[in-house]
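K.L.:
If you scroll down you'll find the structure; I have some questions about it.
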Amino acid sequence: MVFGAIFVCTWCGNQFSPLLLMYERIQHYPTVIVNLFLGIYVLGLAPALLLAGALSDRHGRRPVMLAGMVSSIAAGAMLACGALGPGPIFAGRLLSGITVGIAMAVGNSWLKEVSQAPYEPGADVGSGARRASLAFTLGSASGALVAGATAQWGPWKEVLPFLVQIALALPFLWLVPRVPETSRAGARGPLRAHLRIPAAGHKRFLRVVVPTAPWLFAAAALAYGYLPVLLAPATGRWGLAYATALTVVTLGTAALVQPWAKRIDTVSSARALVVCLVFVAAGLLVADAAQQEQSVLLGLAASLVLGTGLGIGLVSGLLEVQRIATPRDLAGLTGVFYAVAYGGFLTPTVLAAITPPCTPLVLFLALSGLAVLCCLAVLASYRRHLPAR
């Protein structure tokens with residue numbers, strides 16, 4: 023049930039991504055506004071990531087996750103009113119961010135806790151992280167696929183995708199309260215005391231996880247949010263279907279590589295995170311070539327490479343977090359990890375704002391160079407500051 027709840031919440035968060043071209047063409051919003059639609063949900067997501075974990079420690083996982091399901095339904099309702107103007111779209115995206123923030127901070131911790139004794143005695147140590155990452159990628163990919171296909175070929179293009187999402191979320195208002203509570207609810211003291219996350223100051227987190235995290239969703243947003251806009255002249259009337267294809271390829275690849283990601287992860291080094299950054303840097307170069315050549319095939323290749331980096335980084339990043347965190351601050355540190363990671367989702371908005379004077383060629387090269395620098399920073403702490411086992 024927790025897996026399903028995360029799946030539904032991430033469906034809500036990512037169903038909008040392939041629809042950017044629809045809003046640009048049907049309602050004639052400028053590119054900056056369209057990319058702002060994509061990125062503004064970080065303003066709802068970041069506070070939710072940081073607050074939801076502490077709230078679930080005080081009140082339990084169930085009520086906070088249930089609030090996330092309500093937020094998901096409200097987000098779909100607002101986005102379904104998007105034809106009325108940009109206001110409902112901004113509100114819906116903000117609520118979508120809150121939904122995903124709760125799912126990532128609380129749902130992932132809850133899934134990790136029910137994936138071990140006494141709830142599942144036979145599960146291995148990394149099963150919670152793998153399941154959480156899989157729920158995220160499958161939910162995100164499914165939401166984008168259904169919304170994009172519905173908007174490309176179905177009726178009521180600006181309404182029906184969100185009605186489907188609402189129908190999917192409604193049963194979880196009944197299912198979530200039936201999952202075992204795993205948090206020692208009723209933590210005392212002021213809320214601000216529970217917002218302190220000592221593990222966030224761990225040197226391993228600061229020097230290995232933080233330099234990698236923003237690239238995870240920067241890679242995703244560039245692959246299926248920014249690249250389809252750059253390739254719009256080449257895709258023509260099939261732009262919406264192509265954006266959907268890039269989203270599904272990126273997130274589908276991220277899901278498929280996760281078993282491999284678990285095998286290359288190790289408790290003794292940052293090997294998996296280094297591999298993640300190598301794929302991200304390479305994917306950015308392929309994306310640069312795609313937009314220069316206006317090649318739809320290179321665009322698909324870029325989404326494949328960037329999706330590989332995303333999948334490896336999600337699994338290995340969560341495993342690093344779970345090794346660093348104590349039971350008290352697992353939810354909080356998971357929230358911090360995702361807050362830093364989702365900061366990368368603003369990358370297309372920033373790039374659109376500075377184009378011109380900068381060109382996509384220069385921007386992709388600069389981003390690839392920054393990814394290489396972050397990779398070197400992770401290598402500097404490759405085997406250092408390992409948490410006690």
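Okay, so the sequence shown: first residue is 23 according to my numbering, each after it adds one. Note that CB positions come from ideal geometry on N, CA and C, so glycine has one too.
(1) Using the Cα positions of alanine 89 and proline 349, report the straight-line distance between them to the nearest angstrom.
(2) With the cut-off set at 8 Å, would you say leucine 160 and methionine 126 are in Cβ contact?
(3) May I have the straight-line CA-CA distance separating isoleucine 188 from alanine 99, to the nearest angstrom?
(4) Exposed or buried, glycine 335, counting other C-beta atoms within 10 Å across all chains shown (16 or more means buried)?
(5) So histidine 81 is in the alpha helix (DSSP H); what residue range does that whole segment cover?
(6) Is the number of C-beta pairs between the stretch 29 to 48 and the stretch 161 to 174 that are closer than 8 Å three or more?
(7) So, using beta-carbon positions, are threonine 272 and glycine 329 closer together than 8 Å?
(8) Could you compute how far the alpha carbon of proline 140 sits from the alpha carbon of cysteine 397?
(9) Pick helix, strand or coil for leucine 408, following the three-state DSSP scheme.
(10) For histidine 50, which option in Ala76, Gly107, Val372 and Ala222 has the closest C-alpha, if you only look at C-alpha atoms?
(11) Could you check which residue in Ala303, Leu262 and Pro183 has the C-alpha nearest to that of alanine 102?
(12) Which whole-angstrom value is the C-beta distance of glycine 333 and threonine 288, which I expect to be below 8 Å?
(13) Could you name the residues of the same chain whose beta carbon sits closer than 7 Å to that of alanine 375, not counting the 5 residues immediately before and after it, in chain order?
(14) For glutamine 138, which three-state DSSP category applies?
(15) When the distance is taken between beta carbons, is alanine 245 closer than 8 Å to alanine 303?
(16) Measure the alpha-carbon distance for phenylalanine 158 versus glutamate 315 and round it to whole angstroms.
P.N.:
Short version:
(1) Your numbering for residue 89 matches position 67 in the sequence shown. Your numbering for residue 349 matches position 327 in the sequence shown. Distance between the alpha carbons of alanine 89 and proline 349: 23 Å.
(2) For the purposes of this step, residue 160 is taken as the residue at position 138 of the sequence shown. For the purposes of this step, residue 126 is taken as the residue at position 104 of the sequence shown. No, these two residues do not count as a Cβ contact at 8 Å.
(3) Numbered from 1 along the sequence shown, position 166 holds the residue referred to as residue 188. Numbered from 1 along the sequence shown, position 77 holds the residue referred to as residue 99. Answer to the nearest angstrom: the Cα atoms are 7 Å apart.
(4) Here the question's residue 335 lines up with position 313 in the sequence shown. When all chains shown are included, glycine 335 counts as buried.
(5) Mapped onto the sequence shown, residue 81 falls at position 59. Run containing histidine 81: 63 to 81, per the alpha helix (DSSP H) assignment.
(6) yes
(7) As a first step, residue 272 is located in the sequence shown; it is residue number 250 there, counting from the start. As a first step, residue 329 is located in the sequence shown; it is residue number 307 there, counting from the start. Taking 8 Å as the Cβ cut-off, threonine 272 and glycine 329 qualify as a contacting pair.
(8) As a first step, residue 140 must be located in the sequence shown, where it is residue number 118. As a first step, residue 397 must be located in the sequence shown, where it is residue number 375. Computed Cα separation, rounded: 39 Å.
(9) Position 386 of the sequence shown, counting from 1, holds the residue named residue 408. Looking at leucine 408 - three-state DSSP - the assignment turns out to be coil, as it is neither helix nor strand.
(10) One-based indexing of the sequence shown puts residue 50 at position 28. Checked all of Ala76, Gly107, Val372 and Ala222; the closest Cα to histidine 50 is Gly107.
(11) Counted from its first residue, the sequence shown places residue 102 at position 80. Checked all of Ala303, Leu262 and Pro183; the closest Cα to alanine 102 is Pro183.
(12) Indexing the sequence shown from 1 puts residue 333 at position 311. Indexing the sequence shown from 1 puts residue 288 at position 266. The Cβ separation is near 17 Å, so there is no contact.
(13) As a working note, residue 375 is residue 353 in the sequence shown. Excluding positions up to five away in sequence, the list reads Val54.
(14) Here residue 138 corresponds to residue number 116 of the sequence shown, with the count starting at 1. It is coil, neither helix nor strand.
(15) In the sequence shown, counting from the first residue as 1, residue 303 sits at position 281. In the sequence shown, counting from the first residue as 1, residue 245 sits at position 223. Contact: no.
(16) Counting from 1 along the sequence shown, the entry for residue 158 is found at position 136. Counting from 1 along the sequence shown, the entry for residue 315 is found at position 293. Their backbone Cα atoms lie some 32 Å apart in a straight line.
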